[in-house]
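Residue numbers (the numbering used here): 326 to 887.
Below is the structure:
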């Protein structure tokens with residue numbers, strides 16, 4: 326009995342891409358360094374770089390007409406460049422929520438019966454074609470999010486593509502270890518029972534993916550490709566201020582689906598505006614079963630409370646750093662200054678709370694006083710923020726005005742040792758910029774250390790001892806959640822104690838990061854982004870649960886004798 330709608334051309338795609346996916350699956354098991362796409366722009370042909378920039382410029386102030394989906398109207402987006410402060414002027418097709426859902430229902434009836442091997446082949450092909458658009462997407466990301474050029478290229482290009490391939494590798498792992506068909510036989514004495522058994526992976530239903538304004542591709546691709554891999558059509562609702570980067574990916578997917586005889590509406594772009602949002606109308610619809618989301622804790626809690634939904638949420642956390650003892654304070658300060666400054670602190674993994682014992686921090690050369698530690702951090706931030714070349718390459722620009730307002734509000738509620746101030750961007754005079762504030766509160770009590778202050782900031786918190794600081798990290802993670810955490814110690818016993826305690830709170834802790842290794846970074850095929858075990862997220866990029874919760878195994882039995 327053959328239930329699937331197989332196709333020889335699609336099967337050929339699986340044969341083409343299976344070896345690469347085998348490598349990816351092995352890398353996912355191994356957890357050592359491996360990449361599908363190189364992160365250095367120089368690894369790609371110069372012609373692609375030139376074409377990408379030209380395509381970006383040509384798209385400005387024009388309709389995005391690459392999508393293969395119906396729209397009742399064309400809507401000009403709310404996208405404004407954080408560098409030029411000028412609207413991108415791009416319009417996108419828009420339908421009604423009910424129309425997007427009806428198209429997804431029709432696509433579901435086809436996509437769920439495409440053999441999973443063919444689905445993976447099609448999706449790998451789309452990632453490969455996406456790699457030819459890395460440069461256009463980098464420019465689009467830079468001018469919607471405020472990321473500096475190199476981060477925009479890497480995060481929305483090769484790093485995002487690697488996360489997509491990782492999701493497909495996990496899907497390959499989970500879909501392949503159960504056979505499609507077996508003949509089950511059992512001797513019943515005078516007769517033999519023979520039953521043909523079929524094991525059918527079936528998607529939970531239609532997926533809605535809700536994008537974020539700061540990482541419109543990197544945060545989206547894991548869930549997008551995980552859902553598509555298991556047979557679930559996806560309605561992708563980007564943030565209204567960051568549509569263009571992910572619209573390119575959707576257009577590529579639709580192109581591949583149409584080229585291989587499938588409905589392009591297996592994935593749809595559902596565009597809205599800040600003034601007229603459609604997210605709730607989509608999320609609350611009974612045909613939407615799977616929700617992927619990155620954003621605020623408040624909206625995440627609303628989504629988590631919707632009945633009948635399977636959620637994969639990344640919300641806000643309060644990331645902490647503890648300084649117990651260090652090899653060399655200047656190196657640690659420079660590392661933390663970079664982590665706090667990268668993309669102006671607009672990363673969910675950026676450090677915020679820095680716990681420092683009042684009695685000081687031990688080093689091999691002797692103890693540094695609390696004041697000396699504070700001064701080292703201020704110097705390191707100032708050195709980076711005032712560097713004419715480093716600042717624009719690392720800080721980039723603020724995605725929106727609310728980030729600056731949030732940091733300014735923090736600055737009037739705490740003692741300030743470095744004022745937040747703008748820097749002059751050498752290429753974009755109108756860029757919305759802000760360098761990190763270094764603030765201090767009197768202790769771990771009170772509301773400021775227990776809230777995320779999203780933006781460029783370090784909040785110093787004196788504690789009675791390193792042990793008290795460790796307890797604060799644990800309690801903060803249990804109460805508010807963390808997506809990253811750093812502990813600096815040269816004491817093996819303290820390191821072991823910290824590792825055990827923080828693991829119990831499901832905190833992904835990083836010890837003694839220095840040099841060119843930063844706590845912000847989460848590497849595909851090796852690091853899990855999030856744990857799903859503390860309030861900052863209920864899922865992880867990319868563990869088995871991130872995929873297997875999106876589908877169910879259905880057993881079919883056909884009795885031939887008994």
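The C-beta atom is built at its ideal place from N, Cα and C for all residues, glycine as well.
Remember, it's a predicted structure, so these values are computed and weren't measured experimentally.
About 6 angstroms separates the beta carbons of residue 621 and residue 641, which is inside the 8 angstroms limit, making them a contact pair. Residue 491 and residue 576 have their C-alpha atoms some 21 angstroms from each other. Annotated three-state conformation of residue 541 is coil, per DSSP. Residue 404 and residue 880 have their C-alpha atoms some 47 angstroms from each other.
The three-state secondary structure of residue 441, taken from DSSP, is helix.
Ranked by how close their Cα comes to the Cα of residue 611, the residues 646, 632, 331 and 644 have 632 in first place. Taking the Cα of residue 758 as reference, the smallest distance to any Cα among 752, 746, 765 and 766 is reached at 746. The three-state secondary structure of residue 710, taken from DSSP, is helix. Assignment of residue 358 by DSSP, reduced to helix, strand and coil, places it in the coil class. Counting C-beta pairs with one atom in each stretch, the segment 408-421 and the segment 378-396 have three or more that are closer than 8 angstroms, which means they touch.
With contacts defined as CB atoms closer than 7 angstroms, residue 715 and residue 845 fail to qualify as a contacting pair. Look at residue 746 here: in three-state DSSP terms it is coil, with no helix or strand label. Excluding sequence positions up to five before and after residue 448, its CB lies within less than 7 angstroms of the CB of 493, 550, 553 and 554, all in the same chain and listed in chain order.
In the structure shown, residue 620 adopts coil according to DSSP, grouped into three states. In the assembly as shown, residue 807 is a buried residue. Its beta-carbon has 16 or more other beta-carbons within 10 Å. Take residue 869, set aside five residues on each side of it, and the residues of its chain with a beta-carbon closer than 8 angstroms to its own are 495, 498 and 499, in chain order.
The three-state reading of DSSP puts residue 562 in strand, counting E and B together. Under the criterion of beta carbons closer than 8 angstroms, residue 556 and residue 871 do not qualify as touching, at roughly 16 angstroms.
Secondary structure note for residue 678: its beta strand (DSSP E) is the uninterrupted segment 678-682. For residue 522, the enclosing beta strand (DSSP E) has its first and last residue at 517-528. Under the 8 angstroms Cβ criterion, the segment 777-784 counts as touching the segment 676-683, having at least three qualifying pairs.
Approximately 5 angstroms separates the beta-carbon atoms of residue 470 and residue 539; this is inside 8 angstroms, confirming the contact. In the three-state scheme derived from DSSP, where H, G and I count as helix and E and B as strand, residue 421 is classed as coil. Excluding the 5 residues flanking it on each side, residue 409 has same chain C-beta neighbours closer than 7 angstroms at 753 and 755, in chain order. When DSSP states are grouped into helix, strand and coil, residue 460 belongs to the helix group. According to the DSSP assignment, residue 811 belongs to the beta strand (DSSP E) that extends over 810-813. Taking 7 angstroms as the cut-off, the Cβ atoms of residue 646 and residue 811 count as close. Residue 692 is bridged by DSSP to 687. The Cβ neighbour count for residue 509, taken over all protein chains shown within 10 Å, is under 16; the residue is labelled exposed.
Counting only the Cα atoms, residue 683 lies some 16 angstroms from residue 813.
DSSP links residue 776 through a beta bridge to no other residue. Annotation: the continuous alpha helix (DSSP H) that includes residue 577 extends over 569-584.
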